[in-house]
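Peer 1: Mind looking over this structure? Questions follow.
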């Protein structure tokens, strides 16, 4: 009776996911393998044979991977510092870390356009200081996309890591130091390995978010296309829904591959047995 009660509670959510997510995804993927009533891989062969499409895919992966790595490098020390603060100070710092998530991605992207433009705040400051003579071409490049995406997703990895790090027993560090380990060695040998689960989850969130983000790459990337803006162009502008479905399927496949790799890494570093 108790199990039946739980199943009844789960039913509305399950039906919602089934009809509004699972079925549309399956139909989208299925439509890429059939054209005019026959099975075909023509869409995928065309995509992976075209250098232009491959360049877009490579740019997307490059931006997503570099964004993820930079978020890890920037977020890890910040998360460690926050996790060691008192409860009140930790709440304030977490609120500040989460604050960018409360701002529209469109507003954030336009703000970066003002900062990174040829006549933007960054170039004007560097020229005034005599660091450069000519404005840097940062806006409408993959670098600009990475900056916008780091601003967008850095809070996710900070929050995830803080949740893991604050549960690490401080006595473990003291024990390592009492056995002769330097503070950095203790951090590297104790804190980093124990933070791997949060690091894996945060990395997945950042990578998948960067891979599928549309607004930030569209505004900061300009003519530099990534797979999400390419999908939008084919679906809305060119009305080529078949190619758009192929691109969407490739995005889904990449997402599952990355999640699978991350899960294997998590099991390797933190075996359950």
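In my numbering, the protein residues as written are 101 to 373. Every residue, glycine too, gets a C-beta built ideally from N, C-alpha and C.
Which value, in whole angstroms, describes the spacing of the CA atoms of residue 243 and residue 159?
Peer 2: Taking the chain shown and counting its residues from 1, one reaches residue 243 at position 143. Taking the chain shown and counting its residues from 1, one reaches residue 159 at position 59. The alpha-carbon atoms of residue 243 and residue 159 are separated by roughly 11 Å.
Peer 1: Using DSSP bridges, identify the partner residues of residue 135.
Peer 2: Residue numbering aside, residue 135 sits at position 35 when the chain shown is read from its first letter. Partner(s): 138.
Peer 1: With three or more C-beta pairs closer than 8 Å as the rule, is the region 309–317 touching the region 194–213?
Peer 2: A contact exists between the region 194–213 and the region 309–317.
Peer 1: Kindly indicate which three-state DSSP category residue 277 falls into: helix, strand or coil?
Peer 2: Taking the chain shown and counting its residues from 1, one reaches residue 277 at position 177. In this structure, residue 277 counts as helix in the three-state DSSP scheme.
Peer 1: To the nearest angstrom, report how far apart residue 119 and residue 112 are at their CA atoms.
Peer 2: On the chain shown, position 19 is the one that residue 119 refers to. On the chain shown, position 12 is the one that residue 112 refers to. Taking the straight line joining both Cα atoms gives about 11 Å.
Peer 1: Beta-carbon separation of residue 331 and residue 209 under 7 Å?
Peer 2: Start at 1 with the first residue of the chain shown, and residue 331 comes out as number 231. Start at 1 with the first residue of the chain shown, and residue 209 comes out as number 109. Going by C-beta atoms, residue 331 is not nearer than 7 Å to residue 209.
Peer 1: Helix, strand or coil: which one does DSSP assign to residue 237?
Peer 2: In the chain shown, counting from the first residue as 1, residue 237 sits at position 137. It is coil, neither helix nor strand.
Peer 1: Note down the Cα distance separating residue 115 from residue 107, rounded to an integer number of angstroms.
Peer 2: As a position in the chain shown, residue 115 is number 15, starting the count at 1. As a position in the chain shown, residue 107 is number 7, starting the count at 1. Between residue 115 and residue 107, the C-alpha separation is close to 12 Å.
Peer 1: Spatial neighbours of residue 246 within its chain, please: CB distance less than 8 Å, with the 5 preceding and 5 following residues excluded, ordered by chain position.
Peer 2: By one-based count along the chain shown, residue 246 stands at place 146. So the list reads 163, 166, 167 and 170, once near-sequence residues are dropped.
Peer 1: When the Cα atoms are used, what is the spatial distance from residue 153 to residue 343?
Peer 2: Within the chain shown, the letter at position 53 stands for residue 153. Within the chain shown, the letter at position 243 stands for residue 343. When rounded, the distance between both Cα atoms is 11 Å.
Peer 1: Considering residue 189, what are the terminal residues of the alpha helix (DSSP H) in which it resides?
Peer 2: Working through the chain shown from its first residue, we reach residue 189 at position 89. Per DSSP, residue 189 belongs to the alpha helix (DSSP H) from 187–198.
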